[in-house]
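A.B. asks:
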Amino acid sequence: MGLQKVVKTDRLQVIRLITKKIIKKMKQNLILILNVFLVICCSNNISNDEKNTVKSIDQIFEEYYEFKERINPIEATKAGNYRYNNQVANYISDDYQKDLKKNYTYFLNLLKKINQDKLSETELLSKKVMEWDCNIKLEGLSNKLVTITSPIYNLPSFELMPIIQVQSLHLYVAQIAAGGSVHPFNSIEDYDNWLERIDDYIAFLDTSISMMKEGISTKIVIPRVLAKKTISQLDEFILNPIDQHLFFKPVLSLPENFSDKEKNRITSEYRSMIINKLKPKYIKLKEFLVNEYIPVCRESSGIGDLPNGKETYNYLIKLHTTTKMSADQIHELGKNEVARILDEMEIAKNQMGFKGDIKAFFEFIRNSPEQMPFKDPNQVIDNFYNIKNRIDKKLNQIFELKPKADFVVRRTESFREASASAEYVPGTKDASRAGIFYVPIPDVNRYNKFSDEALFLHEAIPGHHYQLSLQQENKDLPKFLHPESMGVFVEGWALYAESLGTELGLYEDPIQYFGMLSMEMHRAIRLVVDTGIHSKGWSREKAIQYSLENEAESEATIIAEIERYMATPGQALSYKIGQLKIRELRSKAEIKLGDRFSVTEFHNQVLNTGSLPLILLESKIDNWIKTKI
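Residue 6 is where the sequence shown starts when you use the numbering used here, and the numbers rise one by one after that.
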């Protein structure tokens, strides 16, 4: 009787598994058919009737939003659109790139037919943002190295170099897998969707190995020092026992309303997924990296050493800064900013009564026991909440717009903590999931708090959380702009936000003020070292040494940062370029408006239309100034 029951149960499980796979295959086929249909509809080869049809701007915006959500399912989930919760885009595949190219061309053709005279000011601005986005993405798609719209914050990636130590899908999926961030784990469907997502992710890993093999044959490979960093990351997913595995964490917190039957099924399927799918694939990837890839990786640090590398870097500068600045111009601007901030640091150091030179003061700050008081990671987190409480009462003095969404401060996961910087992940549009301010604390005893006030202003309030939440909650903006993260605007605003500390009642401790200068210096140094590495042939070691000589960050932090710039050419330029433009526009408004200048109105103008290319932001502020004169 017992044997019969076991056999029957096994048969039922087999039948259920086969049925599930059939349903999934049907879903995939349906999605494929729909995608093919969309590509056909959105291609240049549309019918004459369609060519003559002029769609309204709202229709185009809506269609563009649907397209952007479809091509990046994880970003869709992050924004609270759960239709694609069972998918991960294989964004390095040829088919994906062809789909993007056809659609961006299609949307540009639609926009050409719009009569701009009939658009409102907000509609016209949104149209210009969409045009800029389509054009810059098409330019990127014609580049042999770059792939556009990776799932990680919509940043560009590299088709033949998809696995790297930061901002790589193998890290991002693991971060999501733990639960509590992007993918929801509230219903049975949520858990089943994640299993399907893993299948797509595994397909991506297979494509990655194929692409990296092509990269080997064409000498398009990442620096060896970065490739080696990925091995310990993979070991985290290979060696950890199932019950402690990151991908098993959602099972440890199954909702109480699930039946015992469903709990057992989900537990069994997640164990099977880790044992039979993930671990073998990670082992295969590791063996490929160790035996085939790392031995032929390059010793050079910059993208300029790759075929088409210099042209690619010029494109990435334009993408990340939304300007026409050259690498040489940015390099010199960076050196000038470093010199200016060093002068301010010297003044601050002398005011604190320190007798040594600035380099000695850097060492003092790096190793000061007073600035490393924490013994428990929770103390670090609590310190950031204390900063929030201090500025809450003063926000009204310089801000009128305030987001409804909340945020939490959370320690960065251990598997990526050693190579991670502090970061902010937006919550959902409906505020059902709070934003997350991640803080890496690899060694709490060495955690230095000297710049925590500025860091909070940057990542949380009034920086990323403030700006991105307001953008998502703005009902006047078309939906496609809600999740858009124009890096130079987003990061520029966050760096500008750091300078508001005095107005918000912070920086009373001179060390924290020096910390603010240090963080600004950190971004100024980026202009020098990023262009140095990718345009002027700087080595990793030269960039590290330049940073050590000009800022107070620890050597470990600086090494992680330099290696990040090596992996993501041009992205680090956006912070300072954006901040300088916002500060320039504020100074222009203050001078031209005099007593009529209102800082709250200025902030409203900067924040009430979402992320903008700098040329559009400048035009908007200039027009606002004219209306006030």
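The C-beta atom is built at its ideal place from N, Cα and C for all residues, glycine as well.
Counting pairs of beta carbons, one from the region 550-557 and one from the region 462-471, are three or more of them closer than 8 Å?
C.D. replies: Flag = no, the region 550-557 and the region 462-471 do not touch.
A.B. asks: Is the beta carbon of Phe455 closer than 9 Å to that of Ile370?
C.D. replies: Yes, Cβ-Cβ distance for Ile370 and Phe455 is below 9 Å.
A.B. asks: The beta strand (DSSP E) that contains Arg307, what's its start and end?
C.D. replies: A small correction: the amino acid at residue 307 is Gly; Arg does not occupy that position in the sequence shown. Gly307 -> no beta strand (DSSP E), and no H or E assigned at all.
A.B. asks: Please find out if some non-hydrogen atom of the ligand NAD comes closer than 8 Å to the beta-carbon of Glu508.
C.D. replies: Among the ligands in the structure shown, none appear at all, so the ligand NAD cannot be discussed.
A.B. asks: Would you check if the region 616-625 and the region 562-569 touch, i.e. whether three or more CB-CB distances between them fall below 8 Å?
C.D. replies: Short answer: they don't touch.
A.B. asks: Ignore the nearest five residues each way along the sequence and tell me which others in Asn191's own chain have a CB closer than 8 Å to its CB.
C.D. replies: The answer, listed in chain order, is Pro260.
A.B. asks: DSSP has Phe412 in a bridge; who is on the other side?
C.D. replies: The partner list for Phe412 (beta bridge, DSSP) reads Gly440.
A.B. asks: May I ask you to report which of helix, strand or coil DSSP gives Thr326?
C.D. replies: Helix.
A.B. asks: Would Asn90 and Asp195 qualify as a contact pair, given that the criterion is a beta-carbon distance under 9 Å?
C.D. replies: Taking 9 Å as the Cβ cut-off, Asn90 and Asp195 qualify as a contacting pair.
A.B. asks: Under DSSP, the alpha helix (DSSP H) around Val59 begins and ends at which residues?
C.D. replies: That residue, Val59, is in no alpha helix (DSSP H); it is neither H nor E in DSSP.
A.B. asks: Near Lys630, what residues of its chain come up, given a Cβ to Cβ distance below 6 Å and the 5 sequence neighbours on each side ignored?
C.D. replies: Checking the sequence shown, residue 630 turns out to be Ile, not Lys. Same-chain partners within the cutoff: Ala594 and Lys597.
A.B. asks: With distances taken from CA atoms, which of Lys407, Val178 and Asp600 is nearest Leu5?
C.D. replies: The question about residue 5 has no answer here: the residues shown for the chain are numbered 6 through 634.
A.B. asks: Would you identify the three-state DSSP class for Val430, choosing helix, strand or coil?
C.D. replies: In the structure shown, Val430 sits in a strand (DSSP, three-state: E or B).
A.B. asks: Could you give the residue range of the alpha helix (DSSP H) that holds Pro156?
C.D. replies: Run containing Pro156: none; DSSP gives neither H nor E here.
A.B. asks: Select from Pro515, Tyr429, His188 and Ile221 the residue whose C-alpha is nearest the C-alpha of Lys83.
C.D. replies: The candidate whose alpha carbon is nearest that of Lys83 is His188.
A.B. asks: Let me check understanding here. Comparing Cα to Cα, which of Ile65, Ile271 and Met491 lies closest to Ile193?
C.D. replies: It is Ile271.
A.B. asks: Quick check: the Cα distance between Gln170 and Lys234, rounded to an integer number of angstroms?
C.D. replies: One C-alpha to the other measures close to 6 Å.
A.B. asks: For Glu513, does the count of other Cβ atoms within 10 angstroms reach 16, so buried, or fall short, so exposed?
C.D. replies: Glu513 is exposed by the Cβ-count criterion.
A.B. asks: Mind checking which residues open and close the alpha helix (DSSP H) that includes Asp265?
C.D. replies: It spans Asp265 to Ser277 - the alpha helix (DSSP H) in which Asp265 sits, taken as one unbroken run.
A.B. asks: For the region 424-440 and the region 357-375, state whether three or more C-beta atom pairs, one from each stretch, are separated by less than 8 Å.
C.D. replies: These segments do not touch.
A.B. asks: Any idea what DSSP makes of Val151, helix, strand or coil?
C.D. replies: Note: Val151 maps to strand in three-state DSSP.
A.B. asks: Given that a residue counts as buried once 16 or more other Cβ atoms are within 10 Å of its Cβ, and exposed if not, what is Lys329?
C.D. replies: Classification for Lys329: exposed.
A.B. asks: Grouping DSSP H, G and I as helix and E and B as strand, with all else coil, what is Pro228?
C.D. replies: It is a strand residue.
A.B. asks: Expressed to the nearest angstrom, what Euclidean distance is found between the alpha-carbon atoms of Phe242 and Asn95?
C.D. replies: In a straight line, the C-alpha of Phe242 is about 21 Å away from that of Asn95.
A.B. asks: If you scan the region 461-496 from start to end, which runs of the alpha helix (DSSP H) of 4 or more residues do you find wholly inside it?
C.D. replies: The qualifying runs are 469-478.
A.B. asks: Hey, how far is the Cα of Asp211 from the Cα of Ser186?
C.D. replies: So the two alpha carbons sit approximately 26 Å from each other.
A.B. asks: Reducing DSSP to helix, strand and coil, say where Leu621 ends up.
C.D. replies: Three-state result, Leu621: helix.
A.B. asks: Go through its chain and collect everything with a Cβ distance to Tyr452's Cβ below 7 Å, but skip five positions before and after it.
C.D. replies: The residues are Met377, Phe379, Val385 and Ile446.
A.B. asks: Given a threshold of 16 other Cβ atoms within 10 Å of its Cβ, counted over all protein chains shown, does Glu375 qualify as buried or as exposed?
C.D. replies: When all chains shown are included, Glu375 counts as exposed.
A.B. asks: Check whether the region 61-69 touches the region 401-420, taking contact to mean three or more Cβ pairs, one atom from each stretch, closer than 8 Å.
C.D. replies: No, the region 61-69 is not in contact with the region 401-420.
A.B. asks: Give me the DSSP bridge partner(s) of Ser162.
C.D. replies: Its beta-bridge partners are Thr152.
A.B. asks: Give every residue of the same chain whose Cβ lies closer than 8 Å to the Cβ of Arg545, excluding the five residues on either side of it in the sequence, and list them in chain order.
C.D. replies: Correct list, in chain order: Pro228, Val230, Ser306, Ile538, Ile567, Glu568 and Met571.
A.B. asks: Buried or exposed: where does Glu74 fall if 16 or more other Cβ atoms within 10 Å of its Cβ makes it buried?
C.D. replies: The residue is buried, with at least 16 neighbouring Cβ atoms inside 10 Å.
A.B. asks: Going by C-alpha distance, which of Gly599, Val604, Gln610 and Pro574 is nearest Ile308?
C.D. replies: Ranking the options by Cα distance to Ile308, first place goes to Pro574.
A.B. asks: Let's test the definition: count the other Cβ atoms within 10 Å of the Cβ of Lys224 and tell me whether it reaches 16, buried, or not, exposed.
C.D. replies: Classification of Lys224: exposed, given that the 10 Å Cβ count is below 16.
A.B. asks: Within a Cβ cutoff of 8 Å, which residues of the same chain sit near Asn450, ignoring the five residues on either side of it in sequence?
C.D. replies: Only Met377, Phe379 and Lys380 meet the Cβ criterion.
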